[in-house]
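To start, the structure itself, in structure tokens.
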Amino acid sequence: MNRLLTALLLSALLLSVGCASVPQQKAAAVAPAVVEAAAPSPQVETEPGAEPTPAANDQAQAQDESAIDDFDAIYGSSGHASANQNGDAFAAQDPWEPMNRKIHAFNNGIDRAIARPVARAYVAVVPKPLRQGVSNFFDNLITPLASANLLLQGRPGESVETLGRFLVNSTIGLAGLFDPATKQLKMHRHSADLGRTFARFGWRQSRYLELPFLGPRTLRDTLGLVGDTAFSPLTYVHDKQTKTALWGLKMVDMRASVLPLESMRESAPDDYTMVRDAWLARRHYLIETDSKRDTGGEVLPDYLLEEDVEPEKPAPSSEPATQPSP
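According to the numbering used here, the sequence shown holds residues 4 to 329 in order.
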């Protein structure tokens, strides 16, 4: 019975794999929400019923332009026209939308019931330095696989540097709990997976598919996930209880990392469309820029870099949750 309950909990937490893979962006419609949530600007007050002042208009225009600039930096497009075109293209990649929406609703139900509460409890109980160590440990585990994919993609220099990061962090960094390769040696972090390797070999467009528990994918990335999982070090842990505990901790860590993005999803008119477009846009961005990127995420705005985003601890039940202060 204990093994059954453990397996059920682990399956539910697998939902976080799909949620944690990107800073979830929709397109131009989502970028303003991120800007406002991450770095609120002081509002220019006006009298009720009064016409907006020039200062208020200028401020609103500046916020819009900032959001567009951030969106351009992430996805390499320009303005709302390109965003609309991308949205149409993403919809064309989703011929199975009716089925995907049902799976999305199922995944959201599991997330609300299990994955999200567990992730919030994890953030509330475990200090940030320990959570960072856990994240570093799991990031380090997949580094050899990233190095192999970089080599397959024709990026030998980045592959060697990534393998060097693994050796440094696995030894000096105490099995990857610390990251001296980045902090002390200034070695760049390069991300790669088998789905992006398939894209590099020509499989650039693929149908969108939402998987039960695993969240958003494409057919290409689903096949890549199978390969990445097969070569994951966790797959070769022989003790079943240890393997289950490690996978469970990894899922909780990944779910906790996207807690700061929940307000963006909650404010979206259509959560399914936002998640789909965010996933496809992010994958498109990574695939299109793989040959030009020197580091994993330095081209992103500062507030979207993972290390700069701290999940908000849940407020005690007797007190209302506070909004982030400007």
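In this text, a Cβ means the ideal position worked out from N, Cα and C, and glycines have one as well.
Just so it is clear, the structure is predicted and the values come from calculations on it, not from any experiment.
| Asked | Found |
| --- | --- |
| Please classify PRO219: does DSSP put it in a helix, a strand, or coil? | strand |
| Use the C-beta contact count for ARG207: other C-beta atoms within 10 angstroms, 16 or more gives buried, fewer gives exposed. | exposed |
| Report yes or no: do the stretch 251–264 and the stretch 137–146 share at least 3 C-beta pairs separated by less than 8 Å? | yes |
| Along the chain, where does the beta strand (DSSP E) containing LEU212 start, and where does it finish? | 211–214 |
| Here's a check: name, in chain order, each residue in its chain whose Cβ is nearer than 6 Å to the Cβ of GLY198, leaving out the five neighbours to either side. | ARG223, ASP224, GLY227 |
| Under a three-way DSSP split, which group does GLY167 fall into? | helix |
| Return the first residue and the last residue of the alpha helix (DSSP H) that PRO272 is part of. | Segment: none, PRO272 is in no alpha helix (DSSP H) and carries neither H nor E. |
| In whole angstroms, what is the alpha-carbon distance linking PHE154 and ARG203? | Contrary to the premise, residue 154 reads as Leu rather than Phe in this sequence. So the alpha carbons of these two residues sit roughly 11 Å apart. |
| Can you say whether LYS243 is buried or exposed, counting buried as having 16 or more other CB atoms within 10 angstroms of its CB? | exposed |
| Should the stretch 106–115 be called in touch with the stretch 208–216, which here means at least 3 C-beta pairs below 8 Å? | yes |
| Going by CA-CA distance only, name the one from TYR211, THR245, ALA284, TYR239 that's closest to PRO101. | TYR211 |
| Expressed to the nearest angstrom, what Euclidean distance is found between the alpha-carbon atoms of ALA94 and THR185? | 39 Å |
| Could you tell me if VAL1 is buried or exposed, where buried requires 16 or more neighbouring beta carbons within 10 angstroms of its beta carbon? | Lying outside 4 to 329, the shown extent of the chain, residue 1 is not represented and no answer is given. |
| Runs of 4 residues minimum, wholly inside the stretch 126–185: which ones carry the alpha helix (DSSP H) assignment? | 131–144, 146–155, 159–174 |
| Give me the residue from THR200, VAL240, LEU133, ALA178 with the minimum Cα distance to SER150. | THR200 |
| For ALA118, report the span of its alpha helix (DSSP H) as first-last. | It is not in any alpha helix (DSSP H) - ALA118 carries neither H nor E in the DSSP assignment. |
| Can you tell me whether LYS253 is buried or exposed? The criterion is at least 16 other CB atoms within 10 Å of its CB, across all chains shown. | buried |
| Starting from the C-beta of SER209, find all residues in its chain whose C-beta is less than 6 Å away, skip the five residues before and the five after it, and write them out in chain order. | THR221, LEU222, ARG223 |
| Tell me the DSSP secondary structure of ASP242 in three-state form. | coil |
| For THR292, tell me which candidate among HIS193, ASP280, ALA233 has the shortest Cα-Cα distance. | HIS193 |
| Does DSSP classify ALA195 as helix, strand or coil? | coil |
| Could you check what DSSP says for PHE204 in three-state terms: helix, strand or coil? | coil |
| Count the other CB atoms within 10 Å of the CB of GLY157; is the residue buried (16 or more) or exposed (fewer)? | exposed |
| With 8 Å as the threshold, decide whether the Cβ of SER150 is near any Cβ in chain B. | The structure shown contains no chain B; it holds only a single protein chain. |
| Can you tell me the Cβ-Cβ gap for LEU180 and GLY136, rounded? I've got them flagged as a contact below 8 Å. | 4 Å |
| Please check the pair ALA152 and ASP196, which I expect to be a contact at CB under 8 Å, by giving their CB distance rounded to whole angstroms. | The question names Ala, yet the displayed sequence has Asn at residue 152. Yes, ASN152 and ASP196 are in contact; Cβ-Cβ is about 6 Å, under 8 Å. |
| What residue range does the alpha helix (DSSP H) around LYS105 cover? | 100–113 |
| With DSSP collapsed to three states, give me the class of SER266. | helix |
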